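Written below as structure tokens is the structure these notes are about.
There are 2 protein chains.
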Amino acid sequence: MKAFLLLAHGSRRTESNVEVIELAKRFHEKNSQQFPIVNAGFLELAEPTIPDVIDDAIKQGATELFISPYFLAAGTHVVNDIPSIVATTLKDHPLVKHHLLGHIGGSDAIVELLLNSTLNT
Amino acid sequence: MKAFLLLAHGSRRTESNVEVIELAKRFHEKNSQQFPIVNAGFLELAEPTIPDVIDDAIKQGATELFISPYFLAAGTHVVNDIPSIVATTLKDHPLVKHHLLGHIGGSDAIVELLLNSTLNT
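Protein sequence lines, in the order shown, are assigned to chains A and B. Heads up: the first sequence runs through residues 4 to 124, numbered per our numbering. Heads up: the second sequence runs through residues 4 to 124, numbered per our numbering.
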């Protein structure tokens, strides 16, 4: 069973964290067949934490994790912190597959998304 | 003549700012006919500033600005700071049209972008 985990930095502003959680919900609504488990986790300043959502997904029966760093730039959080936390958390679950996806700022599709945003004005 | 201005927060990490500038370049390469002028500007910690890129676009002949806040969440920067800086900078240019686009985290297309990122693993 596949899980999609959206990992954000976390903010002191509750509204920003809620926006990430809402995005995960929208993702789940559209893709619940492919990803029965979807959750948002935070690196710092908010909960649930990244280990929380990984452990939770595995408890719910996830066998394959798609881990999506919801960051605009490939800073040290994306390059070092998140891979390290994911590896540590998964150490005791050798049978769980995981895919660490690219941060969204690096995707080619972001250019198209920006162009499309100019069409609705 | 249309200009597309990508406005990011700005970071102490040069690499993060460079990534925003590179994204603006990729946008320009793909859409130079529609948007002859494309630039990236920063709210703080990096240059060029937002007034810089607006003034510069107008000097280059832009008559219609598409202003894209490159933020994941609609925090106070997106809701207050950027609209205020844009309005102040454009006060002396009443003939220049502008469109303040939504921040990318709020777009419906982001869900699709996230799904597509799971397909290339």
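From the three backbone atoms N, C-alpha and C, an ideal C-beta is built for every residue, glycine too. Predicted, not measured: the structure shown is a model, and the values here were computed from it.
Close-in-space but distant-in-sequence residues of the same chain around residue i (CB under 6 Å, 5 per side omitted)
| i | result |
| --- | --- |
| H102(A) | F69 |
| I57(B) | T92 |
Range of the contiguous alpha helix (DSSP H) that encloses residue i
| i | result |
| --- | --- |
| E67(B) | Element bounds for E67(B): not the alpha helix (DSSP H) but the beta strand (DSSP E), E67 to P72. |
| L93(B) | I85 to L93 |
Cα-Cα separation between residue i and residue j, rounded to whole angstroms
| i | j | result |
| --- | --- | --- |
| V99(B) | P39(A) | 49 Å |
| S71(A) | F7(A) | 7 Å |
| S120(B) | K62(A) | 25 Å |
| P86(A) | E32(A) | 27 Å |
| A112(A) | T92(B) | 31 Å |
| Y73(B) | L26(B) | 10 Å |
| P97(B) | H12(A) | 39 Å |
| A49(B) | L122(B) | 35 Å |
| V41(A) | P51(A) | 13 Å |
| L117(B) | R29(A) | 11 Å |
| A65(A) | L104(A) | 17 Å |
| A60(B) | E67(A) | 47 Å |
| L9(B) | S35(B) | 14 Å |
| D84(A) | A90(A) | 10 Å |
| V82(A) | K94(B) | 42 Å |
| K5(B) | T124(B) | 37 Å |
DSSP-derived helix/strand/coil call for residue i
| i | result |
| --- | --- |
| H101(B) | strand |
| G78(B) | coil |
| F38(B) | coil |
| A49(B) | coil |
| G64(B) | coil |
Limits of the beta strand (DSSP E) - the one that residue i falls within
| i | result |
| --- | --- |
| N123(B) | Taken as a continuous stretch (DSSP letters only), N123(B) belongs to no beta strand (DSSP E), as it is neither H nor E. |
| L8(A) | K5 to A11 |
Other residues of its chain near residue i: CB distance less than 7 Å, five sequence neighbours each side excluded
| i | result |
| --- | --- |
| R15(B) | L48 |
| I88(A) | I53 and P54 |
Hey, is the segment 94 to 108 of chain B in contact with the segment 29 to 49 of chain B, meaning 3+ C-beta pairs nearer than 8 Å? Output reads no: the segment 29 to 49 of chain B does not touch the segment 94 to 108 of chain B.
At least three beta-carbon pairs within less than 8 Å, the segment 6 to 20 of chain A to the segment 74 to 83 of chain B: Cβ pair count under 8 Å is three or more, so yes.
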